[in-house]
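In full-length UniProt numbering, the protein residues as written are 1 to 231.
To start, the structure under review is shown below, and the notes come after it.
Structure below.
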């Protein structure tokens with residue numbers, strides 16, 4: 001309610017006849033945050049984050065949306081992108097490069113499989129970038145060991161923490177068989193099993209377990225076994 005009350009106030013678009021637009025914007029700051037951030041973005045962030053504090057920082061919204069700063073993005077980059085200085089040595093693998101312009105910087109080359117292949121060295125003119133991590137630049141082994149570690153960290157960070165076991169309506173099994181199967185597999189009472197069975201009947205499916213892959217697999221097998229035993 002307080003977020004709605006804040007947004008309907010004539011604050012952000014209120015007229016000011018004694019001050020032009022640019023002076024108004026430049027003269028009002030809230031902890032080095034612009035008027036637009038304080039009056040519009042922060043209340044919207046509060047609404048999305050279910051926080052009644054209309055002055056909430058947008059950091060929590062960024063975290064929920066997985067938005068990272070440019071600095072964090074650079075740190076997590078898989079592609080090297082090192083800019084060669086004039087005269088700096090560039091390495092190209094003659095066995096794996098898509099074309100002669102695809103090169104590694106020294107750090108990436110020394111930490112890659114390509115140092116064991118046939119390669120050539122050249123002095124950069126100062127207008128190129130390291131192609132480590134660019135899969136189109138290499139037929140195989142596009143990443144050095146330094147960037148493989150970063151890629152594996154990113155992959156692990158994106159993996160879901162749990163799996164879902166979903167029970168679908170097959171238009172065959174009765175309420176009683178579904179309730180009995182849920183009793184035995186997820187150890188719920190009749191009331192909970194009845195509620196899940198109703199959702200399956202109405203929606204066509206329902207999540208009956210959110211846990212590790214092994215646990216969801218166990219629930220799946222027990223439900224299948226209970227259906228077979230029921231008949």
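In this text, a Cβ means the ideal position worked out from N, Cα and C, and glycines have one as well.
Please read these numbers as outputs of a predicted model, since none were measured by experiment.
- The Cβ atoms of residue 118 and residue 95 lie closer than 7 Å to each other.
- If you keep only unbroken beta strand (DSSP E) runs of at least 3 residues inside the segment 125 to 210, you get 163 to 168.
- Linking residue 121 to residue 210 through their CA atoms gives a straight-line distance of about 54 Å.
- In the structure shown, residue 98 adopts coil according to DSSP, grouped into three states.
- By the CB criterion at 7 Å, residue 86 and residue 126 fall inside the cutoff.
- In the three-state DSSP reduction, residue 93 falls in the strand class (E or B).
- Inter-residue distance for residue 143 and residue 217 is about 35 Å (C-alpha atoms, whole angstroms).
- Straight-line measurement puts the Cα of residue 192 at about 13 Å from the Cα of residue 185.
- Here the alpha carbon of residue 224 sits roughly 13 Å from the alpha carbon of residue 183.
- The Cβ atoms of residue 205 and residue 168 sit closer than 7 Å to each other.
- DSSP places residue 80 outside any alpha helix (DSSP H), giving it a letter other than H or E.
- In the three-state scheme derived from DSSP, where H, G and I count as helix and E and B as strand, residue 225 is classed as helix.
- The beta carbon of residue 124 sits closer than 6 Å to those of 84, 88 and 90, all from its chain and outside the five residues before and after it, given in chain order.
- Spanning the alpha carbons of residue 179 and residue 97 requires a straight line of approximately 60 Å.
- Taking 8 Å as the upper bound for CB-CB distance, residue 82 and residue 130 are in contact here, some 4 Å apart.
- In the DSSP annotation of this structure, residue 116 is not part of any beta strand (DSSP E), being labelled neither H nor E.
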